[in-house]
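Undergrad: This is the structure, below, for whatever I ask next.
Chains as they are written, first to last, in this note's numbering: chain D, 123 to 205; chain S, 31 to 347.
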């Protein structure tokens, strides 16, 4: 399992009703096949606020990952890959 | 148009937990067009007068209740349907307060079935006995507990409570709770376990929890709520969250209709005082006072005694 505390940037994110549908990571396009879970974090406001939606999902390319959508910066990051 | 009424709402009278005063909650409800709002503070009803006054000012129908803490450390959401229900809730809270150190409340579960008339019960937050049993994967205990509450409150007065705060386990828990409701033919209802009127009061709620627990923000992660979703949400927001279970939102209106209790405040509703031969209480008090005059004022001049007898000013107050 790979984990990036600060997140690993993904590009060209496509969403529908706020849910990720497709993204590019490490130069490869990954299409979301199923979203297993969605949750929201809002914490550490007294330091540097972390306000993110998290998506645990699988892709048609065989990945099981956790994507994070930063609600403050609108940035999408990949924070975990189960391998 | 979708309508929703929040039935599980804490004010700052849930000490060191609720972050918004009753007035702010009612004002926010009015801004969103919510026709009614319930106040369900932890083991207490001390916020109800301010809540009722604000509700009158903003044109929101007030519903009254509390979140009870039971002796198995489980929570149970209670709403008042009638005058009898109000008396029963007050009795339960008194028993619970007497049964615990100052500032705390613990209601013996064995007491509860004697005081359910006029009350409506919702199965509670994640600290409710039913969600706790479900989260522990104890299906039999879940069923037994739900049946027990159903028997105590009645099939039409006990609701499985669904909450979805965008936490990792919430979707699965809601799904299981709905399964439970369907299996026992019980209705279910959505609530948001509100702890502040707007999202921006979430930091204050965190600080209150830390004060209550005596810990710093850095050391309080397990005690604080993981996000800021515990605010008063609109009908549209709740309908979106519970899109798969529209009855859960609709049933909030049904429950509000069942809550017919109106709080009378300003004039005290004094208990009936038993008097000999059922004589009028005021006349009895006057006769007691007059007969005691000679005892209390043995050396008073007769004109003073006479004056008091003929003009009992204090008794007219």
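For each residue, glycine too, the CB sits at the ideal point set by N, CA and C.
Would you check if the distance between the CB atom of residue 107 (chain S) and the CB atom of residue 147 (chain S) is smaller than 9 Å?
TA: The residue labelled residue 107 (chain S) in the question sits at position 77 within the second chain. The residue labelled residue 147 (chain S) in the question sits at position 117 within the second chain. Not in contact: residue 107 (chain S) and residue 147 (chain S) (Cβ atoms no closer than 9 Å).
Undergrad: Indicate whether at least one CB of chain S lies closer than 9 Å to the CB of residue 160 (chain D).
TA: Counting from 1 along the first chain, the entry for residue 160 (chain D) is found at position 38. It does; some Cβ of chain S falls within 9 Å.
Undergrad: What are the complete alpha helix (DSSP H) segments, minimum 4 residues, inside the region 250 to 319 of chain S?
TA: List check, alpha helix (DSSP H) in window: 265 to 271 and 276 to 288.
Undergrad: Looking at chain D, which residues of the region 258 to 284 of chain S have a Cβ within less than 9 Å of any of its Cβ atoms?
TA: Listed by position along the chain: 258 and 259.
Undergrad: Any beta carbon from chain D within less than 9 Å of residue 251 (chain S)'s own beta carbon?
TA: Taking the first residue of the second chain as 1, we reach residue 251 (chain S) at position 221. Closer than 9 Å to some Cβ of chain D, the Cβ of residue 251 (chain S) qualifies, so yes.
Undergrad: Return yes when the Cβ of residue 129 (chain S) is within less than 9 Å of the Cβ of residue 135 (chain S), no when it is not.
TA: Translated into positions along the second chain, residue 135 (chain S) becomes position 105. Translated into positions along the second chain, residue 129 (chain S) becomes position 99. Result yes, Cβ atoms of residue 135 (chain S) and residue 129 (chain S) sit closer than 9 Å.
Undergrad: Leaving aside the five residues before and after residue 153 (chain D) along the sequence, list all residues of the same chain whose C-beta is less than 8 Å from its C-beta, in chain order.
TA: Residue mapping note: residue 153 (chain D) aligns to position 31 of the first chain, counting from 1. 143, 144, 181, 182 and 183.
Undergrad: Following the continuous alpha helix (DSSP H) through residue 124 (chain S), name the residue where it begins and the one where it ends.
TA: Sequence index remark: in the second chain, residue 124 (chain S) carries index 94 (1-based). It spans 113 to 128 - the alpha helix (DSSP H) in which residue 124 (chain S) sits, taken as one unbroken run.
Undergrad: Out of S:262, S:239, S:266 and S:265, which has the shortest C-alpha to C-alpha gap to residue 255 (chain S)?
TA: Position 225 of the second chain, counting from 1, holds the residue named residue 255 (chain S). Selected option, being the one with the closest Cα: S:239.
Undergrad: Give the DSSP-derived three-state secondary structure of residue 176 (chain D) in the structure shown.
TA: Here residue 176 (chain D) corresponds to residue number 54 of the first chain, with the count starting at 1. Of the three classes helix, strand and coil, the one that applies to residue 176 (chain D) here is strand, per DSSP.
Undergrad: Starting from residue 181 (chain S) and walking both ways along the alpha helix (DSSP H), at which residues does that stretch end?
TA: Working through the second chain from its first residue, we reach residue 181 (chain S) at position 151. Per DSSP, residue 181 (chain S) belongs to the alpha helix (DSSP H) from 169 to 183.
Undergrad: By the 8 Å beta-carbon criterion, what residues does the region 222 to 251 of chain S contribute toward chain D?
TA: Of all residues in the region 222 to 251 of chain S, 232, 233, 236, 247 and 251 have a Cβ within less than 8 Å of some Cβ in chain D.
Undergrad: Check for me: the alpha helix (DSSP H) holding residue 152 (chain S) runs from which residue to which?
TA: For the purposes of this step, residue 152 (chain S) is taken as the residue at position 122 of the second chain. Per DSSP, residue 152 (chain S) belongs to no alpha helix (DSSP H); it is in the beta strand (DSSP E), 149 to 152.
Undergrad: Secondary structure at residue 50 (chain S), three-state DSSP: helix, strand or coil?
TA: Translated into the one-based positions of the second chain, residue 50 (chain S) becomes position 20. In the structure shown, residue 50 (chain S) sits in coil (DSSP, three-state: anything other than H, G, I, E or B).
Undergrad: By the criterion of Cβ-Cβ separation under 7 Å, what are the contact partners of residue 198 (chain S) in chain D?
TA: Residue 198 (chain S) sits at position 168 when you count from the first residue of the second chain. What residue 198 (chain S) touches in chain D: 159 and 161.
Undergrad: Within 10 Å of its beta-carbon, does residue 172 (chain S) have 16 or more other beta-carbons around it, so buried, or fewer, so exposed?
TA: For the purposes of this step, residue 172 (chain S) is identified with residue 142 of the second chain, where counting begins at 1. With 16 or more other Cβ atoms within 10 Å, it is buried.
Undergrad: By the 8 Å beta-carbon criterion, what residues does the region 197 to 221 of chain S contribute toward chain D?
TA: Of all residues in the region 197 to 221 of chain S, 197, 198, 200 and 201 have a Cβ within less than 8 Å of some Cβ in chain D.
Undergrad: Determine whether the Cβ of residue 256 (chain S) lies closer than 9 Å to any Cβ atom of chain D.
TA: Taking the first residue of the second chain as 1, we reach residue 256 (chain S) at position 226. So yes, residue 256 (chain S) belongs to the interface.
Undergrad: Taking residue 192 (chain D) as the query, report the chain S residues whose CB atoms sit under 7 Å from its CB, ordered along the chain.
TA: Mapped onto the first chain, residue 192 (chain D) falls at position 70. Chain S residues near residue 192 (chain D): none, gap ~14 Å exceeds 7 Å.
Undergrad: Whether or not the region 97 to 106 of chain S and the region 154 to 161 of chain S are in contact is what I'm after, with contact meaning three or more pairs of Cβ atoms, one per stretch, closer than 8 Å; do they touch?
TA: Contact between the region 154 to 161 of chain S and the region 97 to 106 of chain S is present, because at least three Cβ pairs lie under 8 Å.
Undergrad: For residue 168 (chain D), return the contacting residues in chain S, with the cut-off set at a CB-CB distance below 7 Å.
TA: One-based indexing of the first chain puts residue 168 (chain D) at position 46. What residue 168 (chain D) touches in chain S: 247.
Undergrad: With a threshold of 7 Å on Cβ separation, who are the neighbours of residue 88 (chain S) within its own chain once the five nearest residues in sequence on each side are excluded?
TA: Counting from 1 along the second chain, the entry for residue 88 (chain S) is found at position 58. These residues qualify, in order along the chain: 56, 57 and 60.
Undergrad: Measure the CB-CB distance between residue 283 (chain S) and residue 109 (chain S) and report whether it falls below 9 Å.
TA: Looking up residue 283 (chain S) in the second chain gives position 253. Looking up residue 109 (chain S) in the second chain gives position 79. Contact flag unset, no.
Undergrad: Measure the alpha-carbon distance for residue 198 (chain D) versus residue 187 (chain S) and round it to whole angstroms.
TA: What you label residue 198 (chain D) is simply residue 76 of the first chain in a count that begins at 1. What you label residue 187 (chain S) is simply residue 157 of the second chain in a count that begins at 1. Going from the Cα of residue 198 (chain D) to the Cα of residue 187 (chain S) covers about 46 Å.
Undergrad: Hey, quick one: how far does the alpha helix (DSSP H) through residue 141 (chain S) stretch, first residue to last?
TA: Translated into the one-based positions of the second chain, residue 141 (chain S) becomes position 111. Careful: residue 141 (chain S) lies outside any alpha helix (DSSP H) and carries neither H nor E.
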